[in-house]
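Below you'll find the structure, written out as structure tokens, and then a few comments.
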Amino acid sequence: MRRLAQNKSVRFASMLFSSTVMVSALTVGQVASAASASDPHHRKGAKAAKSSVAAPAAAVPAGGAAHRADARAALHVPSVGEDIAISAQRRAHGTMITVGASAIARAVAGTNPLKVLAQQPGVMFQSDDPQGVDTWSTQIYMHGFLQNQISTTLDDIPLGELTYRNYNGLNPIQAISSENVGRLDVSTGAGAESVASTNNLGGSIEYHSSDPKSRYGATVAQTFGSNNLFHTFVRLDSGELNRSGTKFYISYMRNNTDKWKAGGNQFFQQVNAKFVQPVGQDSRISAFFDFSQYMQYNYQDYSLDIWKHGGNYIDNYYNGKASGYLAAYAAAQGHYPSYLDGITDKADAAYYDGASASTDLFGGLTGDFRLTDHVRWKTSIYGHGDQQYNTWSNPFYPSPNGAPMFEQVKQPSIQRFGILSSVQYEVAHNHLEAGVWYENNKFGSSMYGYEQPLVVNGVIEGTPINTLGNFTKLTPFMQLFGQTINTNTFTAFVQDTYNPLPNVALHFGFKSLLNTSRAGDGYYNTAYYGPGAEAAGTLTTARTFLPHISGDWHFLKHHELYFDVAENVHAYPQGQFKTVSSPFAVTQAAFDYARPTLKPESDWAYAVGYRYSDHIHGCHAARLSYGLLQPSSADHIGQYRESGLHGAECRRDHDEWRRCRPDLAAGARPFAV
């Protein structure tokens, strides 16, 4: 389901955020202290905590702790206390914004860290809920780039595209509780070749989990709000268990709220755990685990037509009562409530219900070792499993029992495993790094139809489908489509940052990418979609040399000039049939026709600017960003159905196309995807 810039649909829930009142209470400790610094060698003491958060190791080329401190001082980067959590930091490949743990802690407990990041110039975050945790609606734009063009990682592990119905990862809020985020390192320019990603056309957001505390303790955060909002976070830290410094934490988060309009609730729970074992003086082994489960009724999509003629409170018919189902049943028969009279497309203004449910298991093991005074080696292995159920009541096709609608359930799944490894070498004024990343990802895509009950003489004969129920215990009356895509990704990078003067950094690097996806095991319901077949075949994105050049000059204290230039490529996206602009989300005929001329999306990103930063604030007084974007030829595939029917196209659910006009050819019927 695509976002505003891609389909010109509009969500207006955010205009009501100011009416939401929340009270946040910290009953044990403080959330800020719960998120200790992610520096591998963080130890006891407030001073160490402040230093590590304000000047994270990732913000300076790798080296020993003393070398990092000297380099930061020479570059006039201010040593900011933890209370100044968002500050300008210099990075080897351009400028960076660091969002510290205290900035996240100052927001209401449970707030999406991306919402905190949006306080920065050039970054915009939107959501239909006040916390920013409804993945159906969240979207972020950063210096002209859409969220699916920005890479995201957690402790260097790739999280895939930052989109709804992610096909190669998970949303950051599903990977880590906001209270456990140590910091965000955000590159707002051309991105970074060292980041494990296949989609970053510009910019990157790197999450870093906080380390376990050195002292035993507990942290509890509680938020109360309107619409029965409750957010509870509990974390237990073991403290150092032995002389070697072994320590861990485990946390549980529970978030639940009613929708601020119509019926339904939005539930989200999560378990995080992290283990750290220091090795020697400057090495360590760490492990991170995440379990997340969300079950959320979605808000209905808004268009300008709905907002202008229906107001702010149009939503699906579901209200937890029989009256909601009866109203949706009547609407599916063409009898709409009076409050939809002014809306042009009444059928798409509201359905019976729509929901999203997802369960994720995610984790990784990392070894970070200093081999010599000049060489550091870091390797991570990770795994991720995901099962989703994305539903809506389709009023354009009947159930077998004669009910004028059925419950349409998309059931995507992800199984992926990967490894990252890099070596850093420092010599004289050069900071060299090289690394590789490999991942295997199996993306399963299927959709089923479930029967809704009849209504006879105003009485519901049976129980409506629970859109957030256990569909494994139900039997669908049809399968609409099915597809499995297996993807192997390999990237390699080399980069060098040269400091001819203490306050000047020149960076050069390049990245190589090989991404091969094969679609097969397809199912295509010809009785529903008409003649055709699900796309099957192989597509490869290969780039041997993606250069990245940048320069950074701190000519006065607090004053900085920089430039950043890079070539990037976005591997062919994936998605469910007719739901995204993907060469795999089409019929076999469309795939075969377009395949010879397909090209992946690519760009040249340029950034030139001046930046002022101090303990109080930071700003881009002047900035010129420019990108030359080569759109993917796949963007024009799958938007229209090749059926020989005549009629107008319209949007449903942002990215999903259906024939929605009654003036179709004789014998044809509307379809939904």
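Mapping of the sequence shown onto this note's numbering: residues 296 to 968, in sequence order.
Glycine included, each C-beta is placed from N, C-alpha and C at the ideal position.
Keep in mind the model is a prediction, meaning the values are calculated, not measured.
Q. Between the C-alpha atoms of Gln706 and Gln682, what's the straight-line distance to the nearest angstrom?
A. Taking the first residue of the sequence shown as position 1, residue 706 is located at position 411. Taking the first residue of the sequence shown as position 1, residue 682 is located at position 387. Cα to Cα, Gln706 sits roughly 7 Å from Gln682.
Q.
Against chain C, with Cβ distances strictly below 8 Å, would Tyr857 count as a contact?
A. No chain C appears in this structure, which consists of one protein chain only.
Q) Between Arg671, Val751, Leu749, which lies nearest to Tyr720 when the distance is taken from Cα to Cα? A) For the purposes of this step, residue 720 is taken as the residue at position 425 of the sequence shown. Comparing Cα-Cα distances from Tyr720 to each of Arg671, Val751, Leu749, the minimum goes to Arg671.
Q. With a Cβ-Cβ cutoff of 8 Å, do Ser546 and Asn475 count as a contact?
A. What you label residue 546 is simply residue 251 of the sequence shown in a count that begins at 1. What you label residue 475 is simply residue 180 of the sequence shown in a count that begins at 1. For Ser546 and Asn475, yes; Cβs fall inside 8 Å.
Q: Determine, using beta carbons only, whether Ser717 and Glu728 come nearer to each other than 8 Å.
A: Mapped onto the sequence shown, residue 717 falls at position 422. Mapped onto the sequence shown, residue 728 falls at position 433. Yes; because the gap between Cβ atoms is below 8 Å, this pair is in contact.
Q: Can you check the stretch 388–439 for any alpha helix (DSSP H) of at least 4 residues that lies completely inside it and give the ranges in chain order?
A: 396–401, 408–412
**Q.** Strand pairing of Phe776, partner residues [DSSP]
**A.** Stepping through the sequence shown from its first residue, residue 776 is reached at position 481. Paired residue(s): Met742, Tyr819.
Q | Distance CB(Gln871)-CB(Ser708) smaller than 8 Å | A | One-based indexing of the sequence shown puts residue 871 at position 576. One-based indexing of the sequence shown puts residue 708 at position 413. Their beta carbons are not under 8 Å apart, which means Gln871 does not touch Ser708 by this criterion.
Q: Using the Cα positions of Ser618 and Val566, report the straight-line distance between them to the nearest angstrom.
A: Stepping through the sequence shown from its first residue, residue 618 is reached at position 323. Stepping through the sequence shown from its first residue, residue 566 is reached at position 271. Looking at the two C-alpha atoms, the distance is approximately 37 Å.
Q. When the distance is taken between beta carbons, is Thr661 closer than 8 Å to Asp450?
A. Looking up residue 450 in the sequence shown gives position 155. Looking up residue 661 in the sequence shown gives position 366. It is a contact, given that the beta carbons lie within the stated cut-off.
Q: Compute the Euclidean distance between the alpha carbons of Pro351 and Val394, then round it to the nearest angstrom.
A: Translated into positions along the sequence shown, residue 351 becomes position 56. Translated into positions along the sequence shown, residue 394 becomes position 99. Since pLDDT at Pro351 reaches only 32, below the 50 mark, its modelled position is unreliable, and the value read off the structure follows with that caveat. Distance between the alpha carbons of Pro351 and Val394: 10 Å.
Q. With 16 as the cutoff for other CB atoms within 10 Å, does Pro507 come out buried or exposed?
A. Along the sequence shown, read from residue 1 onward, the residue named residue 507 stands at position 212. Label assigned to Pro507: buried.
**Q.** Where Arg510 sits in the DSSP three-state scheme
**A.** Taking the first residue of the sequence shown as position 1, residue 510 is located at position 215. Coil.
Q) Going by alpha carbons, who is nearest to Gly697 out of Gln591, Phe664, Val428, Tyr745? A) Taking the sequence shown and counting its residues from 1, one reaches residue 697 at position 402. For Gly697, the nearest C-alpha among the options comes from Tyr745.
Q: Inspect the CB distances between the stretch 592–610 and the stretch 662–669 and report whether three or more fall short of 8 Å.
A: no
(Q) Spatial neighbours of Ser837 within its chain, please: C-beta separation below 6 Å, excluding the five flanking residues on both sides. (A) On the sequence shown, residue 837 is found 542 positions in, with the first residue counted as 1. According to the sequence provided, residue 837 is Ala. The question's Ser does not apply to it. Same-chain partners within the cutoff: Leu809.
Q | Which listed residue (Tyr624, His679, Ala644) has its alpha carbon closest to that of Phe969 | A | Given a span of 296 to 968 for the chain in the structure shown, any question on residue 969 remains unanswerable.
Q | Residue range of the alpha helix (DSSP H) that includes Ser492 | A | In the sequence shown, residue 492 corresponds to position 197, counting from 1. Careful: Ser492 lies outside any alpha helix (DSSP H) and carries neither H nor E.
Q | Exposed unless 16 or more other CB atoms sit within 10 angstroms - verdict on Ile381 | A | As a first step, residue 381 must be located in the sequence shown, where it is residue number 86. Its pLDDT being 35, under 50, Ile381 is placed unreliably in this model, and the value from its coordinates should be taken loosely. When all chains shown are included, Ile381 counts as buried.
Q | Between the CA atoms of Tyr544 and Phe583 - distance to the nearest angstrom | A | In the sequence shown, residue 583 corresponds to position 288, counting from 1. In the sequence shown, residue 544 corresponds to position 249, counting from 1. About 10 Å.
Q) Does DSSP classify His336 as helix, strand or coil? A) On the sequence shown, position 41 is the one that residue 336 refers to. At His336, the pLDDT of 40 sits below 50, so the modelled position is not reliable; the number obtained from the coordinates is stated separately. Looking at His336 - three-state DSSP - the assignment turns out to be coil, as it is neither helix nor strand.
Q.
Just to check my reading of the structure: Thr779 and Asp816 have Cβ atoms closer than 8 Å, yes? What is that Cβ distance to the nearest angstrom?
A. As a first step, residue 779 is located in the sequence shown; it is residue number 484 there, counting from the start. As a first step, residue 816 is located in the sequence shown; it is residue number 521 there, counting from the start. With a Cβ gap of about 4 Å, Thr779 and Asp816 count as contacting.
Q.
Tell me which residues share the same chain as Tyr743 and place their Cβ nearer than 6 Å to its Cβ, disregarding the 5 neighbours each side in the sequence.
A. For the purposes of this step, residue 743 is identified with residue 448 of the sequence shown, where counting begins at 1. Result list for Tyr743: Val704, Pro771, Gln774, in chain order.
Q.
Let me check one thing: in DSSP terms, what residues is Gln747 bridge-paired to?
A. Along the sequence shown, read from residue 1 onward, the residue named residue 747 stands at position 452. None, per the DSSP bridge assignment.
Q) Can you tell me where the alpha helix (DSSP H) with Gly605 in it begins and where it stops? A) Stepping through the sequence shown from its first residue, residue 605 is reached at position 310. Run containing Gly605: 599–605, per the alpha helix (DSSP H) assignment.
Q: Can you tell me which of Tyr905, Thr811, Pro826, Gln414 puts its alpha carbon nearest to the alpha carbon of Asp847?
A: Position 552 of the sequence shown, counting from 1, holds the residue named residue 847. For Asp847, the nearest C-alpha among the options comes from Tyr905.
Q: Spell out a yes or no on whether the stretch 485–495 and the stretch 796–814 are touching, meaning 3 or more CB-CB pairs, one atom from each, closer than 8 Å.
A: yes
(Q) So, at 7 Å on beta carbons, what are the nonlocal neighbours of Ala644 in its own chain, with the 5 sequence-adjacent residues on each side left out? (A) Within the sequence shown, residue 644 is the residue found at index 349, counting from 1. Answer for Ala644: Ile601, Gly605, Ile609, Leu635, Ile638, listed in chain order.
Q | Where the beta strand (DSSP E) containing Ala861 begins and where it ends | A | Within the sequence shown, the letter at position 566 stands for residue 861. Run containing Ala861: 854–865, per the beta strand (DSSP E) assignment.
Q: Taking 8 Å as the cut-off, decide whether the C-beta atoms of Gly659 and Ile452 are in contact.
A: Start at 1 with the first residue of the sequence shown, and residue 659 comes out as number 364. Start at 1 with the first residue of the sequence shown, and residue 452 comes out as number 157. Gly659 places its beta carbon less than 8 Å from that of Ile452.
Q: Report the option in Phe420, Phe440, Glu501, Asn494 whose CA atom is closest to the CA atom of Thr448.
A: By 1-based counting over the sequence shown, the position of residue 448 is 153. The residue with the shortest Cα to Cα distance from Thr448 is Glu501.
**Q.** For Thr782 and Ser812, believed in contact at Cβ under 8 Å, the rounded distance
**A.** Residue numbering aside, residue 812 sits at position 517 when the sequence shown is read from its first letter. Residue numbering aside, residue 782 sits at position 487 when the sequence shown is read from its first letter. Contact flag correct, Cβ pair sits at about 4 Å.
Q) Where Phe776 and Gly827 are concerned, what is the direct C-alpha to C-alpha distance, given to the nearest angstrom? A) Taking the sequence shown and counting its residues from 1, the one referred to as residue 776 is at position 481. Taking the sequence shown and counting its residues from 1, the one referred to as residue 827 is at position 532. Cα-Cα distance, rounded: 11 Å.
Q | First and last residue of the uninterrupted alpha helix (DSSP H) at Lys641 | A | Stepping through the sequence shown from its first residue, residue 641 is reached at position 346. From DSSP, the alpha helix (DSSP H) with Lys641 extends over 641–644.
Q) Quick one: Cα of Tyr462 to Cα of Thr686, how far? A) Walking along the sequence shown from the start, residue 462 turns up at place 167. Walking along the sequence shown from the start, residue 686 turns up at place 391. Spanning the two alpha carbons is a distance of roughly 17 Å.
Q.
Mapping the DSSP letters down to three states, classify Val375 as helix, strand or coil.
A. Here the question's residue 375 lines up with position 80 in the sequence shown. Any reading at Val375 needs caution, since the residue's pLDDT is 35, under 50, leaving its predicted position unreliable; the model's value is listed next. Val375 falls in the coil class under three-state DSSP.
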